[in-house]
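**Student:** Structure below; questions to follow.
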Amino acid sequence: MIDKFIMAGPTALHVCDSQQGDRCVVLLHGYLESMLVWEDFIPFLYKEVRVVTLDLPGHGISVVAGEEHPMEFLADTVADGLRELGIERCTLVGHSMGGYVALAFCERHPEMLDGLVLLSSTPNADTPEKAENRRREIALVKAGKKELLARVAPEAGFAEENRPRMKDYIEDLTEQVFVTEDEGIVALLNGMIARKDRNAMLRETKVPVLFILGRKDGYIPVEAAEKMVAEHPEAPIGSKIRDTWASSKSPRPQRKRSSDSSGRKNGPEKADLYVPNAAGNSIEYDARKDDFLPELRHAHDSPGIGAEADGSPSSETIKRKG
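Under my numbering, the sequence shown is numbered contiguously, ending at residue 428.
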């Protein structure tokens, strides 16, 4: 994988590219993440397809381009980046917020898509309540309280029974929150608030579509997932919910390694899928106080919050179109 900066139109974009393969898969990370969340999946993909990961503007080490990053701006930046890399077509995988970007890409650049995968993401716009929750999170960041978000949000995306064995990944995600620029967080939250509903576009597109959602998802309950799948009957293969995967905040797989006689770790034997969400947190926040942490934790632990907008799959709901 070649790590570099490119100019995606007028925007400097941090990308990682395997550079080989007749087909291409582009992986878009979610809110409070970066391209690093995909790093353990790449070994399972790059021998079959060309793999591209990137830091969406406002996250990772890509630039912040204003007070609001609309999903359309992010989609056009991805398209410009792919053209710069000489990629004419790809399968686009969008996790959570990355799914919102992928949907905008599908609307604006369908000729560049072989397929679209919505991983723990939905075509729904924010409800008024969800938008207000994101505004509260903006207030939190602007008040210099991002560390409180970092203490709560990463762990809340994991099923309680999986938190002990996923401790290292929770710590990685916590660190990612700290290194994400405040301005980038605010810009992306504003962009998610402003995004439009794309259900009609998704029903009409000719691009093959795959949904991946989860049974133990605390942000998209099973009922909401089933409702969303039912609203897209154009997908001919049908849907199924399975208890295959366990809830998590990161799409990085749990690496199960064996040791040789020297004690050194060998390569991964198995990958389980763990994915987060772009959570809108239902909290009451007063910038003059520090005692709202229990409310923030409760918001992230409440299973119904954000169900209509986004979520983090833990098991698998799959529905294909095309």
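Ideal Cβ positions, reconstructed from N, Cα and C, are used throughout, including at glycine.
So, with DSSP's three-state summary, where would you put K252?
**Tutor:** Residue state, collapsed to three classes: helix.
**Student:** Checking 8 Å against the spacing of the C-beta atoms, do A256 and F284 come in under that value?
**Tutor:** The answer is yes: Cβ separation under 8 Å.
**Student:** How would you label R271, buried or exposed, when you count the other beta carbons within 10 angstroms and need 16 or more for buried?
**Tutor:** Exposed, because fewer than 16 other Cβ atoms sit within 10 Å of the Cβ of R271.
**Student:** Please give the ranges of any alpha helix (DSSP H) in the stretch 249 to 321, keeping only runs that are unbroken, at least 4 residues long and fully inside the region.
**Tutor:** Qualifying alpha helix (DSSP H) stretches, in chain order: 252 to 262, 273 to 285, 288 to 300, 305 to 310.
**Student:** Return the chain-ordered list of same chain residues with a C-beta closer than 6 Å to the C-beta of C196, the five sequence neighbours on each side being excluded.
**Tutor:** These residues qualify, in order along the chain: C130, V132.
**Student:** Go ahead and pull the three-state DSSP assignment for T233.
**Tutor:** Coil at T233, not helix or strand.
**Student:** Please classify L192: is it buried, with 16 or more other beta-carbons within 10 angstroms of its beta-carbon, or exposed?
**Tutor:** According to the sequence provided, residue 192 is Gly. The question's Leu does not apply to it. Exposed, since its Cβ has fewer than 16 Cβ neighbours within 10 Å.
**Student:** Give the straight-line distance between the Cα atoms of A458 and E277, rounded to the nearest whole angstrom.
**Tutor:** Residue numbering for the chain in the displayed model covers 107 to 428; residue 458 lies beyond these limits and cannot be assessed.
**Student:** Using only CA atoms, which one of V121, S227, V335, E253 lies nearest to Y137?
**Tutor:** Nearest of V121, S227, V335, E253 to Y137, Cα basis: S227.
**Student:** Under the three-state reduction of DSSP, which class applies to I112: helix, strand or coil?
**Tutor:** Here I112 sits in strand by DSSP.
**Student:** Quick one: give me the first and last residue of the alpha helix (DSSP H) that G127 is part of.
**Tutor:** Segment: none, G127 is in no alpha helix (DSSP H) and carries neither H nor E.
**Student:** My guess is that H120 and G166 are in contact by the Cβ rule of under 8 Å, so how many angstroms apart are they, rounded?
**Tutor:** So it is a contact: roughly 6 Å between Cβ atoms.
**Student:** What is the DSSP secondary structure of A336, reduced to helix, strand or coil?
**Tutor:** The answer is helix: DSSP assigns A336 an H, G or I state.
**Student:** Taking DSSP as the reference, what is the three-state secondary structure of A118?
**Tutor:** Looking at A118 - three-state DSSP - the assignment turns out to be strand.
**Student:** Enumerate in chain order the residues of its own chain whose CB-to-CB distance from R301 is below 8 Å, with the five nearest sequence positions on each side excluded.
**Tutor:** P176, M177, Y206, A210, A231, D232, listed in sequence order.
**Student:** Looking at C122: is its Cβ nearer than 8 Å to the Cβ of T183?
**Tutor:** Cβ atoms of C122 and T183: not closer than 8 Å.
**Student:** Identify whether T183 lies in helix, strand or coil by the three-state DSSP scheme.
**Tutor:** Helix, per DSSP.
**Student:** Excluding five sequence neighbours on each side, which residues of the same chain lie with their C-beta closer than 6 Å to the C-beta of G204?
**Tutor:** Once the five neighbours on either side are set aside, the close Cβ partners of G204 are L134, H135, G136.
**Student:** Quick check on M298: buried or exposed, where buried means 16 or more other Cβ atoms within 10 Å of its Cβ?
**Tutor:** It counts as buried.
**Student:** Excluding the five sequence neighbours on either side, which residues of its own chain have a C-beta within less than 6 Å of the C-beta of M218, listed in chain order?
**Tutor:** These residues qualify, in order along the chain: R195.
**Student:** Measure the alpha-carbon distance for T280 versus V247 and round it to whole angstroms.
**Tutor:** Distance between the alpha carbons of T280 and V247 is about 15 Å.
**Student:** By the 10 Å Cβ neighbour count, where 16 or more other Cβ atoms means buried, how is Q125 classified, buried or exposed?
**Tutor:** So Q125 counts as exposed.
**Student:** Relative to the C-alpha of A185, which residue among R304, C212, A336 is closest?
**Tutor:** Taking only the C-alpha atoms, the option nearest A185 is C212.
**Student:** Quick check: the Cα distance between D161 and S168, rounded to an integer number of angstroms?
**Tutor:** Taking the straight line from one Cα to the other gives about 6 Å.
**Student:** Identify which residue in P163, E174, D109 has its Cα closest to the Cα of E145.
**Tutor:** Nearest of P163, E174, D109 to E145, Cα basis: D109.
**Student:** Spatial neighbours of A118 within its chain, please: CB distance less than 6 Å, with the 5 preceding and 5 following residues excluded, ordered by chain position.
**Tutor:** For A118, where only same-chain residues beyond five positions count, the Cβ hits under 6 Å are F111, V169.
**Student:** When we look at the beta-carbon of E266 and count the other beta-carbons within 10 Å, is it buried (16 or more) or exposed?
**Tutor:** E266 should be labelled exposed.
**Student:** Decide if R348 is buried, meaning its Cβ has at least 16 other Cβ atoms within 10 Å, or exposed.
**Tutor:** At R348 the pLDDT is 43, less than 50, meaning the model places this residue with poor confidence; the figure from the coordinates comes in the next sentence. Exposed, by the Cβ-count rule.
**Student:** Tell whether a beta-carbon distance below 8 Å holds between V292 and E173.
**Tutor:** Their beta carbons are under 8 Å apart, which means V292 touches E173 by this criterion.
**Student:** Near G115, what residues of its chain come up, given a Cβ to Cβ distance below 6 Å and the 5 sequence neighbours on each side ignored?
**Tutor:** Excluding positions up to five away in sequence, the list reads D186.
**Student:** I need the DSSP call for L191, collapsed to helix, strand or coil.
**Tutor:** In the structure shown, L191 sits in coil (DSSP, three-state: anything other than H, G, I, E or B).
**Student:** With burial defined as no fewer than 16 other Cβ atoms inside 10 Å of the residue's Cβ, what is the status of F317: buried or exposed?
**Tutor:** F317 comes out buried.
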